[in-house]
Each structure stands twice: as structure tokens, then as C-alpha cells.
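**Student:** Chains as they are written, first to last, in our numbering: chain P, 1 to 383; chain S, 1001 to 1383; chain G, 2001 to 2383; chain A, 3001 to 3383.
Cβ atoms here follow ideal geometry from the backbone N, Cα and C, with glycine treated the same way.
Note that this is a predicted model, so its numbers are computed, not measured.
My questions will all concern the structure given below.
Have a look at this one:
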């Protein structure tokens, strides 16, 4: 059986009550294939925290009118939406663009237009320099993956600052990158402020006290936007005063757990996002909230949703690769907000290419790196 | 000449005697191409230990009715069967399913149905963590192969616990995996019980006294199912009291020699299997008896036979790869028995893909790893 | 709108004055698509240093008659030329060849004719030996890239002389090459004069005082042509007396910045080239002035322009690969001038093959190495 | 112009004298395209050492009747033969087989028939074990290449015995192989006699006095056939008494220079071969005289000529790969003479596959290894 759910409309924005409730529960229990028009009845476009989802229609397929609703992108509400497709009913594009909105889907065309063709008369100096502060004993792979990802994302020159125990590993695995050895054998105890380099701090650095000290010292002096990921965020979570020292327009890339360690527990993805919107505005930073439909929250509170990627990318090292891409784009002169959005888009795109070749089970972080070149190439090709 | 052997039937289940014997010997010596219907005359479906195989018809081709007989899968009796194919005579599938049976062929459809499509809203935490206790001076490759195989089998996060001499090798070869260094430079002297990690012990650990001590100490405390392979089994064979400490539902993966070191010598594959059935039930563990037609014996005594794979996989490191796959599946939440069966099926499937590319002579254990992604992908695709 | 610019001709060789000037400015501001015949009006074929480029027609497309003009190949004047194509108007080839010229485009046919098919009865001794003096702590990748590039450019045997800290890296990454360890752990302090080996000095050696001393000592005794690149040039720039000790017919491969460090600042590419022509003649060396349209200046002052390559090659390590190729060709017996020209052509050709596979953003120096074999193969195939 | 040279015939077996001489010189100087029937006039099928080649017709193409002559395979006489093809005139194959001959072309069909399909009920123990005694500081690549080649040639298990400095390199580059560390850090000072392992000694071991001592001690006790290559042969050349200790049916694989160091200088390839025939019979060993048309000389004096391969294989490490292949085949139970012949055939076949992909200039020893699997596969496929 097929049920077409178009009664309540999405404009209603009110919870289903009374008879409607019992109707929707009946539909949900019927086992019928449910198609919702625009949005499942009972679901709001935004802010479903107080909504009783049991009473909301659980569609198998939602045919969104003109564009997807925000609630499609959260784990808790996505269950009501099922698979979704956009019905183009010919809305005027200009009208859409002028409608004030607070969330946006990152689309391939926008990414393509930002990533311009290179001018032939350029040298590696025109494509930026990035210094990765990454790695510690037993976690050097994170540093390697981030650095390799950056070299495959158009970066001119990469330097890796890591403990001495990372020397042989890094120079063997990424011959294109320079290596700067920390004084310590196993952990990072000093963060150099390399002039002219875009800094990225975090992949695999651990949470040694000396590393935290180094991060604290560094952040106090730091002025230009940096990228903070993984253990750098965990360090900050342990010494939260550092939060105030993150330079304006920096990018942080927490997944849900890291985000909660930084900003307190959240019950739902939507709650977490609302907090991120608040914190991005307060701290004037870009927050990349990682997950399925990664959300990039800009310092002005606008939210960009990324729809590329697949669950095969839920694998160790995947986040380190993302850090490498974003850092490379930042070093090439893109604004933090743009670098973060495009980075997420390309990361997921490369992951999708990798899936075609090695499937979801076989997908490793190295496969994402290996597909970055083709990803950029396909995205940038005129369609 | 072609001889059709259908006289005695497989239901007879009696040894060939008298005139029949001389007839079958005559046929075997005739040089004719012999086709047996259902099962070669004189061969039993099971329990041929006391059978005189000289008197059994040696077929070139056996056309099994509805399903292959158990005796097709042992080296000693397979010689009588020759090549075999199944004749589907339209038996009722449900009837087959309800017939009590003690052995089963692992089939692709069953594997496909168990390996479900991933939910997009998942993170690496949803795909488990595994800790490999593996490697020693001169045998670090075994640790690398097992860990890499696990990362290509859907595992969320891998950690390798190895001697210090394995550090650079592991971090260069498997950047996705964490490394935990043993106190000793060359051998493992301590087995950490990493909370939340599925443990796999054995590839390349050697048989140093300190390693045996560590294994003994670990097993005494161990509660959750673990995977034991290779040198871990050889260690146990030297101190057999450890056998009693293997946690319930653990998986051991001996080849014939390792099995005999553990449980005494056996003359034939069939004898060895019968012993395995007994021991699996006694110890409440899963025994993966490796070889052509690897047999997975469950704690309830049921035997699952794997038919994927090829003799090009008879190469160093092949078993380490299998350990990696099974461990990854166990860590992802499959039951031990299921993880073992599916692991063997995928291992052989990947080996067959590798053979198509590099042939039997050129096939190395790394090739099996490299084809795991494609193997999972092809198996999981709807047919 | 389309404007055809063919009024002034290229033979005029005079700056645009008066009314012409205002006309050309008007055309430039019009937004029309401008097609220049032969050369944009107001631009000279050579020597535009004193020209006021604002007054020159800025074409979108230039249709050069018979061959491109020299000014097409400099960053500052290329802007006026736009895209260019050659119109073959049937000039007599012999006549062209006999016209005295001081610059030449490197063409594929010439490269093909020089790279002869190998005689089957040859051994690795027939394809030369090269010793790379390269690498230092943190910059071993440069050494690896140069050595690997040489092995993929037909060289018989490569040796790498590097500090001790480079040992494991080099032997793992380039098993085909021998390693010679410097006495020092981190920098080069001695340059061996290995008999029968073509020497290449520079990639990743840094500018340690001890390294400079070693270079100074070496150059004083050196007699045969060598290849000097990267930090070797930076060392020489700090102790300029070494310039006089560079053996005749040696090859130096500076990019614009390295060139200026050696020979003083230059405002334009054309000025820089004129200086290079002077210095190549004075020092009797080959100067490879790297950039888009790399110019190879021979000891006799003739300039060869290379047109292969793409801006994706503006990435760390790209120059090290070029050094490896040129050194391999020199070791195989080509004259310095020829080795340099062919090396640049093949380097760009391999970079173009790499771009087809991984695009401009994803292109790394290792990709250029990986495509060298196919590049040589395609170039050498009869067309 | 085309000259057909069929006047003198190959049966004449006499030097050209008088008028014939002046005629052949005239033809050679004419610039005409010369086609010789069967064999160029004046050239002998064998034994041209005293022949005056100036007087022999220098053909561009030789159409050999039924089979190529021995003189086609030597550098000095091949010049007279030019390109050659066999004209099949329908000679009776059996008659050919019964004609006593002392040299043979290795043909693909013979190789295919010897390399049998594997029995599915086999384990890695059925495919032998080999121990490579190889490598020293700065020359570990040779050890890596030989070991990797063996693992791609069907070997069950490989062990590498090398100095301590080779540990990390070997375990990273060949995870499938075990490593056995010599007591010395930089050179081999002890050769273990590993029971059940086929021994191969030589690639990259250098000529340290301690290494020579170890080789001398080892050879005195050795009883089973071993493979000796490269520096092992150079060591023996320095202490020639070791020659007498080489076990019967061992295989030595010198190129021309190594051969001459062992057995004295030779002016021509043919002279060298005659010496090899003598020495193989005296020492009862297999001599693989490497070069274009590698000749395998058996202990009975018979010579097998290999025609696979190409001059792109004239590159560092190519010989180490050959040692790996031959050793793997020997360990799998082939007789020394057969292992050597098949090894050379497969080595050249893999090199030809590599050439198709990376061309002659780009071909490295690693490429040969990478194509071994496909080579065995294609050779073994039924045609």
C-alpha cells in the first residue's frame, strides 16, 4: 500500500494533536509505503526539539518542494523523512536567493565557481604554505594523513612539526613535505610560529601536559586564523580558558563527542547545532560539526550543510584527512568559512569516489586521500 | 570411454564388498572418464575413516543431487570425488532447511544478508575497535598484514600492541592504526586489556617465555571472546593448561599442524574435524580449521564449510590476513560463529579476485588485503 | 564584439604613439574579444623592457604567423598575447632553419630523434651512473624524489650521498639506489668525487656552514660538468666566489628567486633572461631558468623555450624531480645543453600526463615521477 | 636497393675468401637492404672466434630456415645477422628433437608444461622455503628486490638474513618475509644454515673481509644446491679456492664482468660461453651467463638460450630480481637447471610486460617484480 501524506502541509508548523495524532500513528504502524509531500506531517522545518516524533508521520520518501528542509539533516528527525528528493516547481531563483535564510546546502556549482583555474604563470609560492603540528608516539598516522591530504589539495608547500619519533615515518610516507622535529622524542612540547605558514594543530598530538602547555602558549600569541582539530580540541576541553584565545576566523572541526566535551552535553543533533551557532558567533570562529550532513557554522551564524560523503568514511583517520584539505584551502587564500565548506564538500566527494572502487567496508582514510585529485578534477570540470 | 557410476547409490552407506570391489577397481584402472551420480559408489557421505578407499570408485566428475556430501571436502576423500557439481532436482527448500544437519556450506546469499548496508548517521564508534597483539623482531609483517586487513574490513579503529622494534614499521605501513609499544624491544611481555577493544592475539608473536607468561596472565583474566591465531596457539600448545582459560565464544584459527600441536596428531582431515567438533563443544569456542575447504566448527558442534579461495593463497601471511578480517567483523558486533564463517568466505573471495589479477604464482598476502574492499563490495551488491 | 588587430604589424617594432595609443587603450577597455594577427600591436617580438604595456593591444587570441614570438613566453608580456596559436602560411622550412635565431621552441620531434632506441646488447653500465648529493634532516624527500626520477629516466645506476638520518628513508623509498652515508647525522659535510659518476648536488641539502664548506672544496677540484640545484645554488649565493668554480658545461636550475639571489634582482622575466644569457656565456654553463615556459640558456647564448607543463606542477618537490631527470640524461651521455632541454620537455610532458589523472589541485611531485615512464614512451613512439 | 644473400649457404662453413670477400665487402658498403637466407654468407652457425667478420655479409634481415643459428645470439656476430625470423619449411619435429644438439631456445610451451597447476589441497609448506642472505649498509635494496621477487614467484615462505641495519627496511618493504638479523650492524658476518630452506647468497652483501669469511665457512659445509649471485661471486673471485666448494647443482648468475672476474678475461661473448660450458661441466653447476640472450649452461654442458627481455631491463636491481625468481622456483622443487631456465624466461617476460606500461627509459627493477604475477599467469594459461 502507498499512503500520500500531503494533508497538513509544512507551513502549519504546529504539532499534530488529537485525531491527527491517532491518524499519523495508524499510518506509521500500517506498514504502508508512505510518501510525504514537502515535509512529513507534524515535522517542523526547524526546531523539533520539543516535538513528539512518535506523532509525526514517518515517511519512506519525502518529495521536498523546491528545497530540502533543515530538519532533514539531523539524525533524530531524518528518520521521519526517509529518502528525500527535491521537486523543482519553477520557483524564481532570484527570489529564493533574496529570501533571508540561515542555512544553505553546499552545492557543486558554487564550489566549482570558487575553485578557479590556475594561472599558468604561477609558482608554488602562489599556492601557500601550511605547517601541521601533529602526531605523537603511536599516533603518527594522523599526521601523515593530514599532510598527504594537503599535498593533494593544491597546497604549495607543507611542513610537519612532530616529535622526533615521527621523523622517519613522515619523510618516508610524504617525501614532498618538510619535517620540523620537536625537542621531545614522543610528544609535542613546542609549537613554532612559522612565518608565512598557515597553522593546523591537532591530529594525533595526544593530551600530554607539555602539549597542552605548548598549545596554551601558542594560542595566547596567535593572531591569524588557524585550524584546530581532534586532540587540540580535547586539550582545550581540559583547559577551557584556551577557548577565548582562539584567533578570530579560526576553524575548529569537532565531531559530536568532541563538541560536547568543549561545550557541554547535548541530547540531539539539533540542540548541538543551535549551541554551535551561538558559539561560532560568540567566538567569531568557524565550527565544522562533523557527522552525516556535516554542518559548517560561520561566525555570522549562518549554517552550511554538506551532503556529500557516505558511512564508509566512518573510519579512523577520516577526520585527519578533512583537516588536511581545509588547511590547504585556507593556505591558498580562501576565507576560513569558504575553505571549511569546500573542504567538507571535496572530502565527501572523494569518499564517494573511493566507495565506488573499494566499497564501504573496505574504505580507509588513505583511500580518501588517493581520490582527492580526481575529486577536485571532476568538481572543477565544466558541466 | 565414459563410465556412469550410479549403481550403488549414496543411501547404501555400506562398504563395497566382493564382486563390487573388483568391479570398482577395474573401473578405476580402466582410464575411462568416470561420472558418479550423487556420490562415488563405495564412498560414504560422512565417516570414511575406516573405509578402504582403494575399493571406492574414483570419479572424474561427481554430480551431487541437491547438495554436496560432507566427504567431498576432505583431502583424502576428495580424490574419489573429482570435480563436483550440484544437480538441482527441485527439492523443497523448506524441507531441506528443516532436515536436521550438522554441516553447512557457507553461501554468498547468507553472507550478503548478514552484512547489512550501513546507516548514514553513524560514526567510527559504531564500527568497533580492535587491538591486535602481534609481531616480534623479524616477524612484524604478520602484525602489519592483520591490522591492514582489519582496516579494510569495516573496522572503526585499530590499535596494534607490539614490541618497540615494530613502531616505525607499523606506523609507516598502516597510518590508520594506533600503536601501543610493549616495554620490551623485541618481544611482547605484556598484553593490555584495552577496554572496549576486541582483542586478537597471535600473528608473529613468537614463543618467547615472556610472551607465554603474558598470554597466560592475560587468559586467566579474560572474559570476552577473543581471537587466537598462529603463535598464540603454538604458545598454548606448549602450556596446555591455557586451553581451559580461553574465554567462551572465542575463535581459534589453527591450520592442520597447529591443530595437531594443540590436540594431538591426526591421520586424516576427517579425524581431525571430528576432534575439532568435540573440542569446540567442550571448550565452547569456535574452531576455524584452515585449509582447502576451511571448516568452521561452532560451539554447538555444527560445522560450516567454506568453498571460496584457491591454492595461490598458500603463501606466507595469508593466515594473518584472515585473523584481521575475522577480528574486524567480531568488533563490529557479529557473533563469533558468524564472524568466523563470513571472515573465511570473504578471505577466499578476495583471494579469488587477487588471482584474477596476479595469478596463483604471483599471489601474496598483501594482494588479498588489497582486494578485500572489492570483495565486500561485490558480495554485498544485490544480485 | 570582436576586434581584429592587424593594423600595425609586428615588423614595425616601434612603440605605439599618439592616436594609436588612444585607439589601443580604447580597444583594451571596450570588453571586446580581441584577435591579434601575428603579434598584438605595440608589442615587440623581443625586448619589451622599456615598452609601455598599457598602450599595447591586449589580445584574447593571437594568431602568430609561422612561429610564436619570444615575447609570448614572459609573464609580463604574455598578458597582452592571450591565448596563441600558430598560423602555418607555408614558409619554407629550410629557410626558417637557416635564419639566424637566438631562441628556439623545444619540439617533440627533436626530442624524439635525440632519444634513440636502445641497442639490445647493452647492460646497465651503458646507461651511466649518477651520484646525488642531496638531503638533510627534515628534507630527505627532495633526495628521494630526485633519485626516483633518475631511475625512471633511463639511468643505469644511482647512488645517493646523504646524511646518516637519510639512510632508512632512502633505502625504503628507492630500493634500486645505493646509499652512501655522510659522516654527519643531519647535514652533508663531505662531497665524494665518485669516479665514473655524474654528480648532482643540491636537493634538500640546506645551507649549513659545513655543507657550504664541502661544496666549496668540491667545486674547486671539480672538472666534469655537474648539475647544481636548489640549496646548492642558495649556498653559492651566500659565497659567490664559488660561481667561478662551477665546471664548464655544468647545469644550474634556478627558479626566479634563486636566480635573483645569485645574480641580483630583476624586475621582469625578460630582464632576468637577458642576464641569464650573459651569465651563461661568461660562466660557460647551462642555465635552466624555471617557470612557466622554462628557458634553457646555453653557453653559446642561445635560448631554448619549453612549452610543456602546467600550473599543477607548482608544488613542492617538482624541481627535485627535474634535477633527477636532467642528471639521468647527462649520465647517459647527452651533452649538458641537450640534457637540460630534453629534461625540461619530459618533465612537463609527464606533468601533463599526471594532470589528466589527478588534476591540477591533486598533482604532487611523486605523480610526475610516476608518469615519467609513460612520458618517455609516448614521446619516443613514432608518430 | 635490396640484396638477397643466398649464395654461399650455411652448410659451407668456410670463411669467405678471395673474390667472395670483395663481393661481400662491396655489398656491406652499398647501403642496400640485405636479406640473408638461413645465415649471412661467411658466418658460421657456431665458433666464429677466428672468423674475420668484416668479410661476412652484414644482413638487415636474416630468414633462418627452421631454427635460428647459435651465432645469432652473441653480440659480436648478431651484428651480421640483423633482425631475424624463422622460416618454417615443414621439417619433421621429431627428427629435429632427435638430432643431437648442444644448444636450445627456451620456449614458452616447455615452460608452461613444467609449471603445473596447483593442487587445491596444498598449504604454504608445499611451496618451499627460501632464505636470502643479502644486503649490507647502503645496499639493502638488492635484498628487498630479491625477496619480493621470490614472494611473487610462488614461494611459500621467505626469510631474509641481513645486517641489523636492514631490519626496518625489509620489514616495511616486504611484510610477508621473516627477518633474521646478523650480529653485525652493517655487513653479514655469519651465514645461517637454516634447515629446510633453499639458500640464496649474494645480492648487495658487499665484499667485507668478514662477509668473505662467512661465505668461505658456509661453502665448506654446504651440501645442497644454492644460488650464488652478485657480490657472492665477487667474493669468490677474490678467494678463488671457494670455487671448489660450491655444492653440486648450485646456480651462479654472473653477468659478463662478474664471469670474467671469476674465470679470466674473454674477448668475445662466444669465447666466454665456451669457457662457461667447460666450467659448468668441471664444477657440476648451472651457470647463468646474463646479458641479451642470457645463456643457461647446465652441468652436462648443454646451453639454453633465453630470448625474452629487453634493454630497458639494463637497470640497477634487475639481476637481484632474477635471483629471487630462480631461488623461488628451486625452493618449489624444480631441478636447478630447470629453475634457472624458467627463471630467466619469466624474468624477461615480466620485463616485457613492464615495458608495455612504462617503456624502456622508465623501467625499474621494481616494475619487473610488479609484473611477475601477470607474467606467470599469462605463461601458464592454455593457448
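Please return the same chain residues whose Cβ sits closer than 8 Å to the Cβ of residue 2271 of chain G, not counting the five positions on each side in sequence.
**Tutor:** Once the five neighbours on either side are set aside, the close Cβ partners of residue 2271 of chain G are 2049.
**Student:** Threshold first: 3 residues or longer. Then list the beta strand (DSSP E) segments lying entirely within the stretch 2168 to 2243 of chain G, N to C.
**Tutor:** Correct list: 2178 to 2181 and 2198 to 2201.
**Student:** Using a Cβ cut-off of 9 Å, pull out every chain G residue sitting near residue 3206 of chain A, in sequence order please.
**Tutor:** Here the premise fails: no neighbours, minimum Cβ distance about 11 Å.
**Student:** Quick check on residue 1126 of chain S: does DSSP put it in helix, strand or coil?
**Tutor:** Three-state result, residue 1126 of chain S: helix.
**Student:** Assuming residue 3163 of chain A and residue 3135 of chain A are in contact, meaning their beta carbons sit under 8 Å apart, how far apart are those beta carbons, in whole angstroms?
**Tutor:** Sure, about 7 Å apart at Cβ, within 8 Å.
**Student:** Select from the stretch 3032 to 3047 of chain A all residues with a C-beta closer than 9 Å to any C-beta belonging to chain S, and list them in chain order.
**Tutor:** Answer in chain order: no residues at all.
**Student:** Does any CB atom of chain A fall closer than 9 Å to the CB of residue 1318 of chain S?
**Tutor:** Yes, residue 1318 of chain S counts as interfacial toward chain A.
**Student:** Just mark residue 1158 of chain S as buried or exposed, buried being the case when its beta carbon has 16 or more other beta carbons within 10 Å.
**Tutor:** Counting Cβ neighbours within 10 Å, residue 1158 of chain S comes out buried, since at least 16 surround it.
**Student:** Taking residue 343 of chain P as the reference, give the member of P/258, P/299 and P/153 with the closest Cα.
**Tutor:** The option with the nearest alpha carbon to residue 343 of chain P is P/153.
**Student:** Pull up the DSSP beta-bridge partners for residue 304 of chain P, would you.
**Tutor:** Paired residues: P/104 and P/296.
**Student:** Would you say residue 134 of chain P touches the ligand GTP, meaning its beta carbon is less than 8 Å from a heavy atom?
**Tutor:** Here there are no bound small molecules, and the ligand GTP is not part of this structure.
**Student:** Could you tell me which chain P residues have their CB closer than 8 Å to the CB of residue 1382 of chain S, listed as they occur along the chain?
**Tutor:** Under the 8 Å cutoff, chain P gives no residues; its nearest Cβ is about 13 Å from residue 1382 of chain S.
**Student:** Among residues of its own chain, excluding the 5 on either side of residue 1396 of chain S, which ones have a beta-carbon nearer than 8 Å to its beta-carbon?
**Tutor:** Given a span of 1001 to 1383 for chain S in the structure shown, any question on residue 1396 of chain S remains unanswerable.
**Student:** Could you compute how far the alpha carbon of residue 3089 of chain A sits from the alpha carbon of residue 3006 of chain A?
**Tutor:** Straight-line Cα distance between these residues: approximately 16 Å.
**Student:** To the nearest angstrom, report how far apart residue 2354 of chain G and residue 2367 of chain G are at their CA atoms.
**Tutor:** Their Cα atoms are separated by approximately 6 Å.
**Student:** In angstroms, rounded to a whole number, what distance separates the CA positions of residue 1252 of chain S and residue 359 of chain P?
**Tutor:** Between residue 1252 of chain S and residue 359 of chain P, the C-alpha separation is close to 28 Å.
**Student:** Could you check if residue 3004 of chain A is buried or exposed, using at least 16 other CB atoms within 10 Å of its CB as the buried criterion?
**Tutor:** When all chains shown are included, residue 3004 of chain A counts as exposed.
**Student:** Return the CA-CA distance between residue 3042 of chain A and residue 3060 of chain A, expressed in angstroms with no decimal places.
**Tutor:** Each residue's alpha carbon lies about 15 Å from the other.
**Student:** Residues in the same chain with beta-carbon distance under 6 Å from residue 12 of chain P, minus the five sequence neighbours each way, listed in chain order, please.
**Tutor:** Low confidence applies here, because residue 12 of chain P scores a pLDDT of 47, under 50, leaving its location unreliable; read the following figure in that light. So the list is empty, once near-sequence residues are dropped.
**Student:** Could you pull out every residue in the same chain whose Cβ sits closer than 7 Å to the Cβ of residue 2371 of chain G, ignoring the five residues on either side in sequence?
**Tutor:** So the list reads 2350, 2353 and 2354, once near-sequence residues are dropped.
**Student:** Nearest by alpha-carbon distance to residue 1374 of chain S: which of P/361, P/310, P/202 and P/66 is it?
**Tutor:** Among P/361, P/310, P/202 and P/66, the Cα nearest to that of residue 1374 of chain S belongs to P/361.
**Student:** So is residue 3052 of chain A buried or exposed if we call it buried at 16+ other beta carbons inside 10 Å?
**Tutor:** Answer is exposed; the Cβ neighbour count stays below 16.
**Student:** What residues match up with residue 2350 of chain G in a beta bridge as DSSP calls it?
**Tutor:** BP columns for residue 2350 of chain G are empty, so no partner.
**Student:** Identify whether residue 3259 of chain A lies in helix, strand or coil by the three-state DSSP scheme.
**Tutor:** Correct three-state label for residue 3259 of chain A: helix.
**Student:** In chain S, what lies closer than 8 Å to residue 3119 of chain A by C-beta?
**Tutor:** Chain S residues near residue 3119 of chain A: 1311.
**Student:** Put residue 2064 of chain G into one of helix, strand or coil per three-state DSSP.
**Tutor:** Strand, per DSSP.
**Student:** For residue 195 of chain P, which of P/207, P/188, P/222 and P/181 has the nearest alpha-carbon?
**Tutor:** It is P/222.
**Student:** Inspect the beta-carbon positions of residue 1348 of chain S and residue 1380 of chain S and report whether they are closer than 9 Å.
**Tutor:** No, the Cβ-Cβ distance between residue 1348 of chain S and residue 1380 of chain S is not below 9 Å.
**Student:** Looking at C-beta atoms only, is the number of pairs between the stretch 1137 to 1154 of chain S and the stretch 1325 to 1334 of chain S that lie closer than 8 Å three or more?
**Tutor:** With the cut-off at 8 Å, the stretch 1137 to 1154 of chain S and the stretch 1325 to 1334 of chain S touch.
**Student:** List the residues of chain S whose Cβ lies closer than 8 Å to the Cβ of residue 75 of chain P, in chain order.
**Tutor:** Going along chain S in sequence order, the residues near residue 75 of chain P (Cβ under 8 Å) are 1121.
**Student:** Identify, in the order they occur along the chain, each residue of the same chain with its Cβ nearer than 6 Å to the Cβ of residue 3321 of chain A, setting aside the five sequence neighbours on each side.
**Tutor:** Answer for residue 3321 of chain A: 3145, 3149, 3365, 3368 and 3369, listed in chain order.
**Student:** In angstroms with no decimal places, state the Cα-to-Cα distance between residue 948 of chain S and residue 1208 of chain S.
**Tutor:** Residue 948 of chain S lies beyond the residue range present for chain S, which begins at 1001 and ends at 1383; the question has no answer from this structure.
**Student:** Buried or exposed: where does residue 3139 of chain A fall if 16 or more other Cβ atoms within 10 Å of its Cβ makes it buried?
**Tutor:** With 16 or more Cβ atoms within 10 Å of its Cβ, residue 3139 of chain A is classed as buried.
**Student:** Which residues does DSSP pair with residue 1131 of chain S in a beta bridge?
**Tutor:** Looking at the DSSP assignment, residue 1131 of chain S forms a beta bridge with S/1159 and S/1199.
**Student:** Looking at the C-beta of residue 305 of chain P, does it have a partner C-beta in chain S at a distance below 9 Å?
**Tutor:** Taking Cβ atoms only, chain S never reaches closer than 9 Å to residue 305 of chain P, which makes this a no.
**Student:** At a Cβ threshold of 9 Å, is residue 171 of chain P touching chain G?
**Tutor:** By this cut-off, residue 171 of chain P is an interface position.
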